[in-house]
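Numbering (the working numbering), first residue to last: 2 to 98. We put the CB at the ideal spot given by N, CA and C, even for glycine. Since the structure comes first, as structure tokens, the remarks are kept for the end.
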């Protein structure tokens, strides 16, 4: 298997590419999204992932799609899992149909 390219946690993308350029504080964003400030803090600090509900809220708020946020989370999860399990994955014998 080809190595999976490193992916950035979606909380970092949220903070750096969306909140900071718009001067949104965690308090303002948590209020606007109707989520706890702890939720945003954990998302920003890579301790929480993007859920389907959060993807829907963020897409509505920023004018993106829910798939955008879920794809970021999926890419990050695949990368982290590959890094953790790459020896097991790379030792799988190939079978061609």
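Residue from the options whose Cα sits closest to the Cα of residue i
i, options, result
"residue 9", "95, 80 and 87", "80"
"residue 78", "95, 93, 52 and 88", "52"
Other residues of its chain near residue i: CB distance less than 8 Å, five sequence neighbours each side excluded
i, result
"residue 86", "none"
"residue 14", "73"
Close beta carbons around residue i, own chain, < 7 Å, minus the five adjacent residues each side
i, result
"residue 62", "33 and 34"
"residue 30", "20 and 41"
"residue 83", "5 and 90"
"residue 7", "80"
Reduced DSSP secondary structure (H/G/I, E/B, other) of residue i
i, result
"residue 85", "helix"
"residue 72", "helix"
"residue 51", "coil"
"residue 7", "coil"
"residue 41", "helix"
"residue 12", "helix"
"residue 30", "helix"
"residue 93", "coil"
Same chain only: Cβ atoms within 6 Å of residue i, ignoring 5 sequence neighbours per side
i, result
"residue 44", "12"
Whole-Å CB distance - residue i paired with residue j, under 8 Å assumed
i, j, result
"residue 71", "residue 65", "Contact doesn't hold; Cβ gap of about 11 Å is too wide."
C-beta contact flag for residue i and residue j at 8 Å
i, j, result
"residue 67", "residue 56", "yes"
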